[in-house]
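In what follows, a single structure is set out as C-alpha cells and then discussed.
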Amino acid sequence: MKFWSRYFIPTLKESPADAEIASHKLLIRAGLVRKLGGGLYTYLPLGLRVMQKLTRICREEMERSGAIELSMPHIHPAEFWAEGPRWGPVREIMFRADSAGAEKRAPKEPEFVLGPTHEEVITPLVKAEISSYRDLPKCFFQIGTKFRNEIRPRFGLMRAREFVMMDAYSFDADDEGAIRSYLAMKSAYESFFRRIGAQAISVEADTGVMGGSYSHEFMVPAEVGDNDLFYNEESGYAANREKARSALVPEGFAEAAPGAPPQEFPTPGVVTIAALEAPPYGVPANAQFKTLVYIGDGRPFAVVLRGCDELEEAKLGALGYTLLRPATPEEIEPVMGAKPGSLGTVKGTIRNPGALAGIYADHAIRLIGNGTTGANRDGFHLRSVSVSRDLEITRFGDFRRVQAGEPDPLSGRPLKVRRGIEVGHIFKLGTKYSERIDAGYTDDRKEKHLFVMGCYGIGISRTMQAVIEQSHDSDGIIWPWAIAPFQVLVCLLDPQDTAATVIAGRIGAAAARAGADVLVDDRAERPGVKFKDADLIGIPLRITVGGRGIKEGVVEMKWRGAPEVLKIPIDDAEAWVEAAVRKKA
RNA sequence: CGGGGUGUAGCUUAGCCUGGUAGAGCGCCUGGUUUGGGACCAGGAGGUCGUUGGUUCGAAUCCAAUCGCCCCGACCA
C-alpha cells in the first residue's frame with residue numbers, strides 16, 4: 026500500500042507542446058515518464074510499475090513456452106557486427122560505445138557498439154556451448170534495454186532510441202523443429218497480449234532486413250500506427266501492407282483474346298498514367314501497362330503492373346536480390362530505348378533486351394488482356410497490346426500493393442484495412458546466421474548440421490504506450506487490470522478526518538490482502554483535484570471515502586471507464602473489495 | 001538525410017510583422033476564506049527571451065550561423 030502524499034506522481038494539467046498523439050500526452054500528463062532528450066525517457070515510479078508488470082507477465086509466458094532466460098551485454102565488441110551482412114543497413118542505427126576520447130585514437134571504426142539486437146551475440150555463444158542433437162531444441166530469451174539511433178525518434182516511447190524489449194532466439198535441429206518453436210512462440214505472444222489486456226492481432230509480415238523464411242507481426246490496431254494491416258475476420262486472413270495479397274485474378278480466369286496487332290500512336294509529352302487517361306487519349310489507368318525498371322545487384326530488370334496499381338517494393342524481395350533500387354533515367358534509356366514514361370515490354374521494342382536480368386509481371390495485368398503501353402520510343406505508345414501474344418515476360422508474380430475491398434486470398438471476402446502499431450515480431454530465420462559462423466551440431470549418425478534458428482521480439486516499452494493508445498478517454502488512461510500501476514485507488518477526501526482515515530486504511534488493507542496493489546490518495550487536495558487525477562492515471566477501481574458517504578454510512582466504488590457509482594455500506598466494504606479483487610485476479 | 005515548423009519562468013503561452021522598462025494562465029511559497037469533479041482573495045519568489053556573431057544609440061523583436069526539439073517522408077520492437 027502506497028500513500029500518494031509520500032509517493033511521486035507528478036501529474037500535469039496541460040500537455041507538453043512536444044506531444045502530439047493521445048498516448049504520448051497521457052504518458053507525460055499521468056506522470057509515467059519524462060523526456061531526457063529525443064527518444065530518451067526516464068520511467069517515473071508509475072511508469073516503471075507498469076513496465077515491471079509487463080516484464081513479469083512476458084517472462085511468465087516465455088518460460089511457460091519452454092524458453093530459458095539469460096542476459097547478454099549491452100556493449101558489444103564491434104567486430105561481432107563488422108563481418109555480417111547486416112553491418113551495412115544496421116550500422117546506420119548503431120550507437121558507438123567508445124570512450125569519449127576515442128576519436129583521437131581510432132577515428133575510423135568504433136571499438137564497441139551498443140547492442141541494437143542480439144543475434145550476433147547469441148549465435149556464437151550457442152555455437153561454442155551446444156554441439157549435440159541431445160541438447161536441442163533450445164530457446165533463449167532476455168528482457169532488457171536495446172539501443173537504436175533511430176533516424177527519427179517519434180511519439181514518445183513509440184519509437185525511442187533506448188527502449189525495453191524482450192528478445193528470444195530459438196535453435197532447432199531441423200526445419201520441423203524450427204516450425205514447432207515458431208508456433209510455440211506465436212502462442213506465447215498471443216497469451217501475453219491477451220493477459221495484459223491488449224487487443225493485438227498477428228498478421229503475416231515481410232521478413233525485411235532480417236531475412237529468413239517467414240514471419241508474423243503482432244499489431245495493436247490504432248489510428249496512429251505506422252503500418253497498414255489488411256484482414257478479414259471471417260476468413261482469418263491478416264497481413265501487413267508489404268505482404269498482403271488479394272485474389273484479384275479469379276481462379277481459372279480466361280484472358281481476353283488478342284485483337285488487332287499492336288499499333289503505335291504519337292503521344293508527345295505524355296509521361297504519366299494520368300496524362301494518357303486524359304483527353305484526347307482517354308485510356309483508363311486500368312487498361313494501361315506500367316513498366317518500371319529497377320537495379321538488382323547491379324543488373325537492371327523490369328516490372329510490369331497495371332497503370333492503376335502501385336508497386337509494393339518489399340515484394341521484389343521474392344526475386345532474391347540483396348541490393349535493390351530504382352534505376353535512374355540514365356540507366357534506363359540505353360537498355361529500353363526510351364526515358365521513363367514511354368517504356369514497355371512489347372517483344373521487339375526493347376533496345377537491348379539482353380541487358381535485362383528479367384521482366385517480371387504482376388498477375389493483375391492479365392485482367393487487362395489488351396491494353397496500352399509505352400513503345401520504348403520517346404513520345405510514342407502502343408495500343409492493342411495483348412499480354413499473352415505481345416509482352417515479353419520472364420515470369421508472373423505478386424508485386425502490386427493491395428487495396429482495401431479487394432477479395433481476400435483465402436475466401437474471396439472483401440479485405441478491410443486498419444492502421445496498427447507493431448508491438449511484436451516473430452521470424453523463422455532458417456540457417457542464415459548459423460551458416461555464417463558455421464554454427465551447428467552433430468546428429469545421432471555423427472553427421473554435422475546447421476542450427477535452424479528463429480528470432481522473436483516484443484517491444485515492451487512500446488507496448489505500454491500502445492495499450493494507452495488503445496485504452497483511454499478524454500479524461501485519461503484506462504488501465505487493464507493486469508498492468509495497471511495500482512489496481513485500487515482509495516480516494517480519501519479528507520485526510521484530516523480520523524474516522525475516514527481509519528476506514529480508508531481498512532479498505533485499502535483488505536484490497537491488498539486480496540492481492541491488489543493499492544494507492545491511497547491522502548493528499549491535502551480538494552476532491553475535484555483528486556477525482557481528476559484519479560481519472561488521469563487510470564487506476565481500475567476507485568474507492569471514495571468522504572464525508573458525504575460516511576454520513577450515509579457508505580463508501581463509493583467506481584470502475585474506471587464505467588459511469589455508475591456503487592454505494593456500499595461501510596461495514597460491507599472490506600468484504601466487497603476483497604471479492605472484487607479476487608474476481609479480477 | 002530531404003522538406004516544413006519551432007525555441008520566451010517548472011508547464012502552456014502573449015509580445016516579434018512595425019526595435020525602446022518582458023506580460024499572462026497553470027504550478028510553487030506565505031496568510032486567510034473555502035471544501036464531492038482541476039476553488040477564491042491578498043501577498044510573494046521565479047526569465048542573461050536556445051547559443052554565438054552581426055546590424056543599431058538601443059535587439060526577445062531585424063540578419064547570419066549553430067544547436068535542440070516537433071511534424072511529414074524512407075526505416076524499425
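Residues 26 to 610 in the numbering used here are what the first sequence lists, from first letter to last.
All C-beta atoms, glycine included, are put in the ideal place defined by N, C-alpha and C.
Is Val412 near Ile393, with beta carbons less than 8 Å apart?
yes
Alpha-carbon to alpha-carbon, Phe218 and Gln224:
7 Å
Between the alpha carbons of Met235 and Asp433, how many angstroms are there, rounded?
For Met235, the pLDDT reaches just 49, beneath the cut-off of 50, and the residue's location in the model is therefore unreliable, leaving the point undetermined.
Backbone secondary structure at Leu407 - three-state DSSP
strand
Roughly how many whole angstroms lie between the Cα atoms of Phe120 and Ser496?
34 Å
Can you look up His388 in the DSSP assignment and give me helix, strand or coil?
Helix, per DSSP.
Which residues mark the beginning and the end of the alpha helix (DSSP H) in which Ser212 is found?
Asp200 to Arg220
If I'm right that Phe172 touches Pro149 with Cβ under 8 Å, what's the distance once you round it to whole angstroms?
Actually they do not touch by this definition, with Cβ atoms about 20 Å apart.
With a Cβ-Cβ cutoff of 8 Å, do His450 and Ser216 count as a contact?
no
Opening and closing residue of the alpha helix (DSSP H) in which Arg461 lies
Lys457 to Arg461
In angstroms with no decimal places, state the Cα-to-Cα distance between Lys471 and Asp160.
14 Å
Report yes if the CB atom of Asn395 is closer than 8 Å to the CB atom of Met361, and no otherwise.
no
Which of helix, strand or coil DSSP assigns to Trp584:
Residue state for Trp584 is assigned as strand, using DSSP reduced to three classes.
Is the separation between the beta-carbon of Asp199 and that of Val477 shorter than 8 Å?
yes
Identify the continuous alpha helix (DSSP H) that holds Phe525 and give its terminal residues.
Looking at the sequence itself, residue 525 is Ala, so the reference to Phe does not match. It spans Thr523 to Arg538 - the alpha helix (DSSP H) in which Ala525 sits, taken as one unbroken run.
If you check the beta carbons only, do Val245 and Met76 fall under 8 Å apart?
Taking 8 Å as the cut-off, the Cβ atoms of Val245 and Met76 do not count as close.
Look at the Cβ atom of Glu581, then the Cβ atom of Thr569, and state whether they are nearer than 8 Å.
yes
In the DSSP assignment, what residue or residues form a beta bridge with Pro398?
In the sequence on display, residue 398 carries Thr and not Pro. The partner list for Thr398 (beta bridge, DSSP) reads Leu407.
Anticipated Cβ contact below 8 Å, Ser271 with Val442, distance rounded:
Actually they do not touch by this definition, with Cβ atoms about 11 Å apart.
Can you name the start and end residues of the beta strand (DSSP E) that Glu289 belongs to?
Gln288 to Pro291
Secondary structure, alpha helix (DSSP H): runs of 4+ residues fully inside the segment 352 to 388:
354 to 361
Could you check where the beta strand (DSSP E) with Val513 kicks off and where it finishes?
Val513 to Leu517
Following the continuous beta strand (DSSP E) through Val328, name the residue where it begins and the one where it ends.
Val328 -> beta strand (DSSP E) spans Arg324 to Arg331.
Which residues bound the alpha helix (DSSP H) around Ser124?
Unbroken run through Ser124: none, as it is neither H nor E.
Please specify which runs of the alpha helix (DSSP H), each continuous and at least 4 residues long, are wholly inside the segment 254 to 317, giving them in chain order.
298 to 302
Quick one, are the C-beta atoms of Ser96 and Cys164 less than 8 Å apart?
no
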